[in-house]
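Enquirer: Read top to bottom, the protein sequences are chains A and R.
Under my numbering, think of the first position of the first sequence as 1, with each following residue one higher.
Under my numbering, think of the first position of the second sequence as 289, with each following residue one higher.
Glycine included, C-beta positions come from ideal geometry on N, C-alpha and C.
Predicted model, so just to flag it, every value in this text is computed and none were measured.
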Amino acid sequence: MSYAYFPGCSQQGMAAEFDRSARSVCDRLGIALSEIPDWVCCGATPAHATSHLLSIALPALTLAKVKDADAVATVCAACYSRLRIASHELREDAELRARVKEAAGVECAGEVPVRHLLDILCNDLGVAAIRERVKRPLAGLKVACYYGCLLMRPPKVVAFDDPENPRVMDEVLAAAGAECVEWPYKTECCGASLSLARPDVVCKLANDILREARDAGAHVIAVACPLCHTNLDLRQADVARQYGVRYEMPVLFFTQLLGLALGVPEKGLGLNRLIVSPKPVLEKLAAA
Amino acid sequence: MARVGVFICHCGENIARTVDCARVAEYAATLPGVAHAVDYRYMCSDPGQRLIETAIREHGLTGVVVASCSPHMHEVTFRRTVARAGLNPFLCEMANIREQCSWVHEDREAATAKACELVRLMVEKVKWNTALEPIHVPVTRKALVIGGGIAGIQAALDIANGGREVILVEKGPSIGGHMAQLSETFPTLDCSQCIMTPRMVEVKNHPNITLYTYAEVEKVDGYIGNFAVTIRKKARCVDEALCTGCGECQSKCPQGKLKTSVIPNEFDLGLSRRPAIYVPFPQAVPNVPVIDKEHCRYFQDGKCGVCQKVCPAKAVDFTQTDQVVTEQVGAIVVATGYDVMSSGEYGEYGGGRYPDVIDGLQFERLLSASGPTGGEVKRPSDGKVPETVVFIACAGSRDRSHGVPYCSKICCMYTAKHAMLYKHKVHHGQAYVFYMDIRAGGKNYDEFVRRAIEEEGAVYLRGRVSRLYQKDGQLIVKGADTLSGQPVEIAADLVVLATAIQARPGSDALAQMLKVPYDGYGFLSEAHPKLRPVETNSAGVYLAGACQAPKDIPETVAQASAAASKVLGLFSMEQMEREPTVSVVNERTCIGCFDCERVCPFGAIEHREIRDRRGNLLKVVSHVNEGVCAGCGACATTCRSGSIELRGYTDEQVFAQIAAVGV
Ligand SMILES: Cc1cc2nc3c(=O)[nH]c(=O)nc-3n(C[C@H](O)[C@H](O)[C@H](O)COP(=O)(O)OP(=O)(O)OC[C@H]3O[C@@H](n4cnc5c(N)ncnc54)[C@H](O)[C@@H]3O)c2cc1C
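1) Note down the Cα distance separating ARG408 of chain R from GLY510 of chain R, rounded to an integer number of angstroms.
2) Excluding the five sequence neighbours on either side, which residues of its own chain have a C-beta within less than 8 Å of the C-beta of ALA944 of chain R, listed in chain order?
3) Quick check on the burial criterion: 16 or more other C-beta atoms within 10 angstroms. Buried or exposed for HIS116 of chain A?
4) Against chain R, with Cβ distances strictly below 7 Å, would ASN272 of chain A count as a contact?
5) Let me confirm a value: ALA892 of chain R is counted as buried when at least 16 other C-beta atoms fall within 10 Å, else exposed. Which label applies?
6) Indicate, with yes or no, if ligand 1 has a heavy atom lying under 6 Å from the CB of LYS839 of chain R.
7) Report the option in R:GLY351, R:ILE778, R:PHE378 whose CA atom is closest to the CA atom of VAL364 of chain R.
8) Does the distance from the CB of SER462 of chain R to the CB of LEU470 of chain R come in under 7 Å?
9) By DSSP, does SER772 of chain R sit in helix, in strand, or in coil?
10) DSSP on GLU387 of chain R, reduced to helix/strand/coil?
11) Given that a residue counts as buried once 16 or more other Cβ atoms are within 10 Å of its Cβ, and exposed if not, what is HIS360 of chain R?
12) Suppose you measure from the CA of ASP124 of chain A to the CA of MET152 of chain A; what does that come to, to the nearest Å?
13) On the DSSP letters alone, give me the boundaries of the alpha helix (DSSP H) that SER859 of chain R sits inside.
14) Mind checking the segment 153-176 of chain A against chain R and listing, in chain order, the residues whose C-beta falls within less than 8 Å of any C-beta there?
15) For LYS430 of chain R, count neighbouring C-beta atoms within 10 Å of its own C-beta (all shown protein chains included) and say buried if the count is 16 or more, exposed if not.
16) Can you tell me where the beta strand (DSSP E) holding ILE497 of chain R begins and where it ends?
17) Would you say ALA918 of chain R touches ligand 1, meaning its beta carbon is less than 6 Å from a heavy atom?
18) Does the beta carbon of PRO37 of chain A come closer than 7 Å to any beta carbon on chain R?
19) For THR624 of chain R, collect the residues of the same chain with a Cβ closer than 7 Å to its Cβ; drop the 5 residues on either side in sequence, then sort them by chain order.
20) Which same chain residues, not among the five before or five after LEU285 of chain A, have their C-beta less than 6 Å away from its C-beta?
21) Answer yes if the segment 513-532 of chain R comes into contact with the segment 601-613 of chain R, meaning at least three C-beta pairs across the two stretches below 8 Å, and no otherwise.
22) Would you mind working out which of R:ALA850, R:GLU823, R:PRO838 sits nearest ILE512 of chain R, comparing C-alpha positions?
23) Step through the CB atoms of chain R and report whether any lies within less than 7 Å of the CB of PRO250 of chain A.
24) In the DSSP assignment, find the alpha helix (DSSP H) that holds ALA86 of chain A and state where it starts and stops.
25) Around the C-beta of LEU205 of chain A, are 16 or more other C-beta atoms found within 10 angstroms, so that it is buried, or is it exposed?
26) In the structure shown, what three-state DSSP assignment does ARG899 of chain R receive?
27) Examine ligand 1 and report whether any of its heavy atoms sits within less than 6 Å of the Cβ of ARG792 of chain R.
28) For TYR748 of chain R, which residues in chain A fall below 9 Å Cβ to Cβ?
29) Which residue comes first and which comes last in the alpha helix (DSSP H) that contains THR255 of chain A?
30) Which residue marks the beginning of the alpha helix (DSSP H) containing TYR710 of chain R, and which one marks its end?
31) Could you tell me the boundaries of the beta strand (DSSP E) in which LEU432 of chain R lies?
32) Need the endpoints of the alpha helix (DSSP H) that ILE483 of chain R sits in, please.
33) With DSSP as the reference, please indicate the residues paired to ILE519 of chain R in a beta bridge.
34) The beta strand (DSSP E) with LYS204 of chain A in it runs from where to where?
35) Given ALA815 of chain R, which residues of its chain have a CB within under 7 Å of its CB, disregarding the five upstream and five downstream residues?
36) CB of HIS466 of chain R to nearest heavy atom of ligand 1: below 6 Å?
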């Protein structure tokens, strides 16, 4: 399988470690990613909150550049969602295709499927292949896999796992030797889009998620979305101020955890970029 | 010379709004062969029909065209009218100027022109009509009832008490259906078993009823009044004649040990275990066990045989095989009931994952004195008596994302019942009900729900549950109370989902065997939603109970009695009249290719040998069984030698119509 890789803007800045760790992991697992030349921003919420046409035309600009690939691979839940929805709508709606052509000057029929890296890991590569390549199993590490509200929705368009109780990330990290805890907040919203307007609400939602992960016995939370990551990792000080609880809960991208297990050097994972350092947890684990 | 009468109906405004009926009548009068034409406001009314009768007599009409609604609606009506005036009923035809004209057009000019044309076509046809005489077929006055729930039981008893023989076929080891599983029944809270078991016993002892349990209908041939049904009686491996129902076998079956048994008890919906040889419940009829071969050690590895050793009546017989019997019946009542959607299909509420999220039928078993907890409400995970129970209505029903847009109709009532009965058993407990709307239409129904709320203290919250998860041995239920606009969170010990009522799996296959239409959800379709609610489009096949749509017991019983009365009505005749509009084969020209047999959906084509006087076989030709033929005409259009003619739709008649198009 050949994958046209869409890194996404967040992964160039705030979440550079997501991009870096994803590339390292794919390298280790023999998944060939070739970056889409000249890709542009997927538009994310700002685009689809402004105009439907814009929200389709922007991904179309990128998708139209994909040649000779079996699938488009993404890591960010928001990029995935936007590209996947655009490709779906372009496939179904000839009139929309024509309007996009007029607006963006590109022809795109959404033929190449848009896939999330978790989907590729689980369904193309298979967890058995991951297990074989694990060098340092994450034995003893309890992980709460947090999918967020976007990754599995809308189920009619996404449909690579159960939208109510997804398992893919759990399976991938279990293959890496981690113990994935059962917890109820897997697909709860973290409130990202209210980050600036209503920080109080976001703080509450982050607190709920952190609390449930802790109560389920998790040492760390694994995420697949840069916004979830920012919210949960960055807000723990605010949460402490508002709710008086200091969780010190490391929040990592699933690719970082997987990279650790595959023996990727820390440099290639960007662990130093995290606010709540995973070091203490990982050291304790290594000592045990 | 033909003397045709044409009668144009206004159908109130239905036709007259778009079609100028007076002009159509004027036009009709000019057609060759038309002796009389008139328009009238309601032709189907009493004066309307009298108008036709008088005209036939006064003008000596030889044929009649009524231009009004679809023949589906009133062909029978007008053919009777014509007959009253002494004309053969098949000399009357209908031109459909309502469904096929006024209802679908807007332009008055064009619609009027089209109505004129439709009338002209029918006038040309009716000139070729000939008098036809009804066909008489014998009626076997014995009924088959499929399914032994309360619907099948009621229908069987009514027919049997009406003096006719009934064969009742039940798939399971006992009759009773879902009603036997219920605790107490709304709206009066009488014990389900108490009102049910006497009827079950009556079925067993009734001289007019032959009961086949653990049996299924495999094949249905024939037609109304004359069905031949093949029934497979599955091997129970217990001789019904010898068994005394003492229960020794099941108490000694090593697969049934309380602690080690792994066989889920279907009657308790998996809330308990059972042995491999078992009677589904203590009041079962017949009280004869069956061996579940999949779990029986004797059948799996040849060892064991304990039941046979301990049976004092020597009734256990491992060598028993399925028996196939054929029965002749005149009518069939389908009463195969429903299933509930498994709570496992409601993943978002933890159905199938959390042991304390159960469905309504499981809760009935927890309430029932014969249930796994002896009638004490104890939750499945740890046997704790739940102090807070959340009931969620419409779990599946009215939910397109679960493929069930319809309302299951009975859940509002049984949920109120559940909240009430729970309170009766756990006095200090608190019941919460999440609902969308309360649909309690029915005699004393709304009062019943009010009682649950006002006297029994159930808290009703209007809203949906958004999330449900396990935490610290409880189920956290998050939802919205849309009346107060507040989010609510309840820590519950037990959650009961009122899951959707669905058709039984396999109902589609059964429907196909019986040639009964069914809807997209597998419920069997009645012939007319208002006027023929128990008949089907397959003559001689009737519906009773929840196989047709979700229904409670009163409605089920009413429909079952209605079906029985239809059967008794049919059985009041020794011979039945059928419409003569069936196919006939011209034996002289038939070449015996039997293409007609291949296309006939009703199996009406038979082979007939033509012999000379000395008995030498000359040829084999096709022959139409008039009792079976439904007059669809598929054979006539297929016949390559042009040897088949459909009475009432002969080539002459059809070509006359075609020739009249666009003149
Ligand atoms: C949780 C719950 C609570 C309820 N409480 C009440 C209440 O309090 N009051 C009330 O009025 N109603 C209540 N009902 C509704 C009641 O259960 C139904 O109205 C009633 O059972 C319908 O009867 P039936 O005979 O049509 O179907 P069923 O009870 O389903 O019986 C059908 C029978 O046909 C048999 N069968 C199926 N397929 C075949 C086949 N192919 N060949 C032969 N046999 C076959 C089945 O084995 C079964 O014995 C409740 C329903 C539920 C789910």
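Expert: A quick look at the data gives this:
1) Taking the second sequence and counting its residues from 1, the one referred to as residue 408 of chain R is at position 120. Taking the second sequence and counting its residues from 1, the one referred to as residue 510 of chain R is at position 222. For ARG408 of chain R and GLY510 of chain R, the distance between alpha carbons rounds to 39 Å.
2) Here the question's residue 944 of chain R lines up with position 656 in the second sequence. GLU412, LYS413, LYS415, TRP416.
3) On the first sequence, residue 116 of chain A is found 116 positions in, with the first residue counted as 1. Answer is buried; the Cβ neighbour count reaches 16.
4) Along the first sequence, one-based indexing puts residue 272 of chain A at 272. No, no contact with chain R.
5) As a position in the second sequence, residue 892 of chain R is number 604, starting the count at 1. Buried, because 16 or more other Cβ atoms sit within 10 Å of the Cβ of ALA892 of chain R.
6) Locating residue 839 of chain R in the second sequence gives position 551, counting from the first residue. At least one heavy atom of ligand 1 is nearer than 6 Å to the Cβ of LYS839 of chain R, so yes.
7) Locating residue 364 of chain R in the second sequence gives position 76, where the first residue counts as 1. The candidate whose alpha carbon is nearest that of VAL364 of chain R is R:PHE378.
8) Here the question's residue 462 of chain R lines up with position 174 in the second sequence. Here the question's residue 470 of chain R lines up with position 182 in the second sequence. Result no, Cβ atoms of SER462 of chain R and LEU470 of chain R do not sit closer than 7 Å.
9) Mapped onto the second sequence, residue 772 of chain R falls at position 484. Residue state, collapsed to three classes: coil.
10) Counted from its first residue, the second sequence places residue 387 of chain R at position 99. Note: GLU387 of chain R maps to helix in three-state DSSP.
11) The sequence position of residue 360 of chain R within the second sequence is 72, counting from 1. By the neighbour-count rule (16 or more Cβ atoms within 10 Å), HIS360 of chain R is not buried but exposed.
12) Here residue 124 of chain A refers to the residue found at position 124 of the first sequence. Here residue 152 of chain A refers to the residue found at position 152 of the first sequence. Those two C-alpha atoms are separated by around 18 Å.
13) Counting from one through the second sequence, the residue named residue 859 of chain R turns up at place 571. Just to set this straight, residue 859 of chain R is Phe in the shown sequence, not Ser. Element bounds for PHE859 of chain R: 841-859.
14) ASP162, GLU164, ASN165
15) Residue mapping note: residue 430 of chain R aligns to position 142 of the second sequence, counting from 1. With 16 or more other Cβ atoms within 10 Å, it is buried.
16) Residue mapping note: residue 497 of chain R aligns to position 209 of the second sequence, counting from 1. ILE497 of chain R -> beta strand (DSSP E) spans 497-500.
17) The residue labelled residue 918 of chain R in the question sits at position 630 within the second sequence. No.
18) Mapped onto the first sequence, residue 37 of chain A falls at position 37. Not one chain R Cβ lies under 7 Å of PRO37 of chain A.
19) The sequence position of residue 624 of chain R within the second sequence is 336, counting from 1. If we look at THR624 of chain R and ignore the five residues flanking it on each side, its Cβ neighbours are ILE434, GLY435, ARG792, SER795, LEU798, CYS835.
20) Reading the first sequence from its first residue, position 285 is the one you call residue 285 of chain A. Same-chain partners within the cutoff: GLY140, LEU141.
21) Yes, they touch.
22) As a first step, residue 512 of chain R is located in the second sequence; it is residue number 224 there, counting from the start. Per the Cα distances, R:GLU823.
23) Within the first sequence, the letter at position 250 stands for residue 250 of chain A. Chain R contact via Cβ: absent.
24) One-based indexing of the first sequence puts residue 86 of chain A at position 86. That run of the alpha helix (DSSP H) goes 77-92.
25) Working through the first sequence from its first residue, we reach residue 205 of chain A at position 205. Answer is buried; the Cβ neighbour count reaches 16.
26) Looking up residue 899 of chain R in the second sequence gives position 611. Strand, per DSSP.
27) Along the second sequence, one-based indexing puts residue 792 of chain R at 504. Yes.
28) Residue mapping note: residue 748 of chain R aligns to position 460 of the second sequence, counting from 1. Going along chain A, no residue has its Cβ under 9 Å from TYR748 of chain R, so there is no contact; the nearest lies around 25 Å.
29) Translated into positions along the first sequence, residue 255 of chain A becomes position 255. Counting along the chain, the alpha helix (DSSP H) containing THR255 of chain A begins and ends at 254-262.
30) The sequence position of residue 710 of chain R within the second sequence is 422, counting from 1. Per DSSP, TYR710 of chain R belongs to the alpha helix (DSSP H) from 699-713.
31) As a first step, residue 432 of chain R must be located in the second sequence, where it is residue number 144. Segment 430-434, the beta strand (DSSP E) holding LEU432 of chain R.
32) Here the question's residue 483 of chain R lines up with position 195 in the second sequence. Start and end: 480-493.
33) In the second sequence, residue 519 of chain R corresponds to position 231, counting from 1. The partner list for ILE519 of chain R (beta bridge, DSSP) reads R:VAL505, R:VAL613.
34) On the first sequence, residue 204 of chain A is found 204 positions in, with the first residue counted as 1. Here LYS204 of chain A belongs to no beta strand (DSSP E); instead the alpha helix (DSSP H) covers 199-215.
35) Position 527 of the second sequence, counted from the first residue, corresponds to residue 815 of chain R. Around ALA815 of chain R: GLU823, THR824, ASN825.
36) Here residue 466 of chain R refers to the residue found at position 178 of the second sequence. The answer is yes for HIS466 of chain R.
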